[in-house]
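Letter 80 of the sequence shown, counting from 1, is numbered 80 in the UniProt record's numbering, and no numbers are missing.
Glycine residues also receive a C-beta, built at the ideal position from the N, C-alpha and C atoms.
To start, the structure itself, in structure tokens.
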Amino acid sequence: DLSRCHLENIENGTFHAMKNLAKLYLSWNMLSHITPETLEGPADRLSFLILNGNYIRTVADGTFSRFTYLRRLDIQFNLLTSVPDLSGLSFVQLLRFEHNHIKNITRLVTSGTKLLWYLPLADNQIDYLPASVFQYLSVINYIDLSYNKLQSIPDKAFSACGKLKELYLEYNEITQISRHTFTGLVNLRILTFIKNKLTFISNDTFVETPQLQVL
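Structure representation (structure tokens):
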């Protein structure tokens, strides 16, 4: 564990001999930029990569491409302004990006994973939700988009997330929702909308969420 070691830089090749490394903890340091060379060495055996609590602003394309069997990637509490290239992460189950400055999330689809368990994106600067993102990325437990700047949710944005159980949208600037907002969310149990700017809810808004238990 290399957490809280005041690391500002990791020389290329530092982990070169660590082919069997399964978990790498680099949280709460002062790293600002990550490249493929930074993490050269670990490959298919790496399952956890923890980078939270640094000053990471950029992650070079291809940085994670060797980590085919990575299950968990934590980059929360950093300074990212967009989701980095996630190509190669075919089996990732948890992506943590909360508490950054992210506005652009379109690259979520680059991971190639078909089934993500958790996706926390809270406390960022997301003001636009591309309709296509969750058509290619199915999340089965929860999506947290709270504490962002969303003003609207595209119709059928979550239609491919039929197994999703929890959706957090509180503390945004959403002005309206309709039955088409939640199309396909037949297993949704929890939906939060605290502190938005809704002025009207039609009587068929929640027709598509028959399992809803908490609102």
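Return the first residue and the last residue of the beta strand (DSSP E) that residue 8 is part of. Within the sequence shown, the letter at position 8 stands for residue 8. Residue 8 -> no beta strand (DSSP E), and no H or E assigned at all.
Between the CA atoms of residue 207 and residue 182 - distance to the nearest angstrom: Within the sequence shown, the letter at position 182 stands for residue 182. Within the sequence shown, the letter at position 207 stands for residue 207. Approximately 9 Å between the Cα atoms of the pair.
Inter-residue Cα distance where the pair is residue 95 and residue 107: Within the sequence shown, residue 95 is the residue found at index 95, counting from 1. Within the sequence shown, residue 107 is the residue found at index 107, counting from 1. For residue 95 and residue 107, the gap between their C-alpha atoms comes out near 12 Å.
Indicate the three-state DSSP secondary structure (helix, strand or coil) for residue 82 in the structure shown. The count along the sequence shown starts at 1 and reaches residue 82 at position 82. Residue 82: strand per DSSP, three-state reduction.
Expressed to the nearest angstrom, what Euclidean distance is found between the alpha-carbon atoms of residue 17 and residue 42? Here residue 17 refers to the residue found at position 17 of the sequence shown. Here residue 42 refers to the residue found at position 42 of the sequence shown. C-alpha separation (whole angstroms): 8 Å.
Just the Cα atoms here: how many angstroms apart are residue 129 and residue 211? If you number the sequence shown from 1, residue 129 lands on position 129. If you number the sequence shown from 1, residue 211 lands on position 211. In a straight line, the C-alpha of residue 129 is about 24 Å away from that of residue 211.
Spell out a yes or no on whether the region 146-164 and the region 184-192 are touching, meaning 3 or more CB-CB pairs, one atom from each, closer than 8 Å. Touching, yes.
Decide if residue 51 is buried, meaning its Cβ has at least 16 other Cβ atoms within 10 Å, or exposed. Looking up residue 51 in the sequence shown gives position 51. Looking at its Cβ environment, which holds 16 or more other Cβ atoms inside 10 Å, residue 51 is buried.
Is the Cβ-Cβ distance between residue 33 and residue 59 less than 9 Å? For the purposes of this step, residue 33 is identified with residue 33 of the sequence shown, where counting begins at 1. For the purposes of this step, residue 59 is identified with residue 59 of the sequence shown, where counting begins at 1. The answer is yes: Cβ separation under 9 Å.
Is DSSP giving residue 110 helix, strand or coil here? Against the sequence shown, residue 110 aligns to sequence position 110. The answer is helix: DSSP assigns residue 110 an H, G or I state.
Terminal residues of the beta strand (DSSP E) in which residue 25 lies: Against the sequence shown, residue 25 aligns to sequence position 25. Here the beta strand (DSSP E) through residue 25 covers 23-25.
CB contact flag (residue 169, residue 140, <9 Å): Start at 1 with the first residue of the sequence shown, and residue 169 comes out as number 169. Start at 1 with the first residue of the sequence shown, and residue 140 comes out as number 140. Their beta carbons are not under 9 Å apart, which means residue 169 does not touch residue 140 by this criterion.
Who does residue 50 pair with in a DSSP beta bridge? For the purposes of this step, residue 50 is taken as the residue at position 50 of the sequence shown. Among the bridge pairs identified by DSSP, residue 50 is matched with 25 and 74.
Return helix, strand or coil for residue 59, following the three-state DSSP convention. Here residue 59 corresponds to residue number 59 of the sequence shown, with the count starting at 1. In this structure, residue 59 counts as strand in the three-state DSSP scheme.
Proximal residues to residue 196 (C-beta, below 8 Å), its chain only, five neighbours per side dropped: As a first step, residue 196 must be located in the sequence shown, where it is residue number 196. Same-chain partners within the cutoff: 169, 170, 171, 172, 173, 174 and 175.
Tell me which residue opens and which closes the beta strand (DSSP E) that residue 144 is part of. Residue numbering aside, residue 144 sits at position 144 when the sequence shown is read from its first letter. Looking at the DSSP string, the run of the beta strand (DSSP E) that includes residue 144 is 138-144.
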